[in-house]
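Below: the structure, in structure tokens.
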Amino acid sequence: MENRIFFVEGRHVSIALEEQFWDCLEDIAIERDISLRTLVRRVGQQHPFDVQSALRLHVLEDVLRKTGIELTTGLVTCDLDRKYH
1 MENRIFFVEG
11 RHVSIALEEQ
21 FWDCLEDIAI
31 ERDISLRTLV
41 RRVGQQHPFD
51 VQSALRLHVL
61 EDVLRKTGIE
71 LTTGLVTCDL
81 DRKYH
């Protein structure tokens, strides 16, 4: 895991994520034409008490959106013929 420090909501936040998450976050930032720092700050403003988890969920939401998979709140059975990854 790689640890990076960002300034979020008036405080320095140490964030440790797996390399794959950092790669995805960098790709998202490039797609949005913003810096990684700006992306982390924006996500952190929405979830200031757990920025690390919020970033992981942000990546998951981005991947699901790009693949067309929608999560529901109800109980859903998996389609065994469909690949989810």
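In full-length UniProt numbering, the protein residues as written are 1 to 85. Where is the CB? At the ideal position from N, CA and C, for every residue including glycine. Here the structure is a predicted model, which is why all the values come from computation and not from measurement.
Residues near residue i in its chain [Cβ-Cβ closer than 7 angstroms; skip 5 each side]
{"i": "residue 46", "result": "54"}
{"i": "residue 19", "result": "2"}
Reference residue i; option with closest CA among the options
{"i": "residue 29", "options": "69, 70, 59, 71", "result": "59"}
{"i": "residue 49", "options": "63, 8, 3", "result": "8"}
Exposure label - residue i; buried when at least 16 CB within 10 Å
{"i": "residue 57", "result": "exposed"}
{"i": "residue 64", "result": "exposed"}
{"i": "residue 71", "result": "exposed"}
{"i": "residue 44", "result": "buried"}
{"i": "residue 5", "result": "exposed"}
For residue i, three-class secondary structure by DSSP
{"i": "residue 69", "result": "coil"}
{"i": "residue 47", "result": "coil"}
{"i": "residue 35", "result": "coil"}
{"i": "residue 9", "result": "coil"}
{"i": "residue 18", "result": "coil"}
Other residues of its chain near residue i: CB distance less than 8 angstroms, five sequence neighbours each side excluded
{"i": "residue 38", "result": "29"}
{"i": "residue 15", "result": "3, 4, 5, 6, 40, 51, 52, 55"}
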